[in-house]
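Residue numbers (the working numbering): 775 to 947.
Following this line, the structure appears as structure tokens:
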């Protein structure tokens, strides 16, 4: 009798471990709308407010960061076919261009694990000697940023500095 109970208990444990792992990694839907501020560093007068909408799934992974797959809307612009890890050290944001169908670098995204706080350092082509480069860049002095949730430039800067604290040489202004 005791031996049958031991065997049943062992079988239960053997079944419970993979079941727990499977339940842990099941993707969960996310739909979130946050007030966002788009602004340029070094230019306090340049600021636009709008809603940032997130739709997709977040999947927990056993030995890595969570992964997001879905779409982020910045006002009317949709960044589609996104697939990135949720980590505060940043992740390159590659979005599909709706006109050409090509994937293009949009920026570096910095998020918390629940995607309730988001900052994007937008990559832009550099213009030198009247020629626009094919490569895109961002810099800490004049780069374009998008931060959510934020209602003002001050809130957006504070949020960006908090999320990007570990990678910034100095606070953003």
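Glycine included, C-beta positions come from ideal geometry on N, C-alpha and C.
Bear in mind the structure is a predicted one, so any value in this text is a computation, not a measurement.
Classified as exposed, residue 831 has fewer than 16 neighbouring CB atoms from the shown chains inside 10 Å of its CB. With a contact defined as Cβ atoms closer than 8 Å, residue 834 and residue 799 qualify at about 6 Å. Taking 3 residues as the minimum length, the beta strand (DSSP E) runs contained wholly in the region 796-859 are 802-814, 817-835, 838-848 and 851-859, in order along the chain. Counted as a single uninterrupted DSSP element, the beta strand (DSSP E) harbouring residue 866 occupies residues 865-870. Residue 811 and residue 850 have their C-alpha atoms some 14 Å from each other. In the three-state scheme derived from DSSP, where H, G and I count as helix and E and B as strand, residue 941 is classed as coil. Residue 914 and residue 787 have their C-alpha atoms roughly 52 Å apart.
Going by beta carbons, residue 900 and residue 892 fall outside the 7 Å limit. For the 7 Å CB-CB criterion, residue 869 and residue 848 do not form a contact.
With a contact defined as Cβ atoms closer than 8 Å, residue 927 and residue 818 qualify at about 7 Å. Between residue 858 and residue 883, the beta carbon gap of about 7 Å places them in contact (Cβ cut-off 8 Å). Residue environment: residue 902 is assigned as exposed (fewer than 16 neighbouring CB atoms within 10 Å of its CB, all protein chains considered). Residue 897 is a Cβ neighbour of residue 879, given a cutoff of 7 Å. In the three-state reduction of the DSSP assignment, residue 947 falls in the coil class, being assigned neither a helical nor a strand state. The bridge partners DSSP lists for residue 901 are 906.
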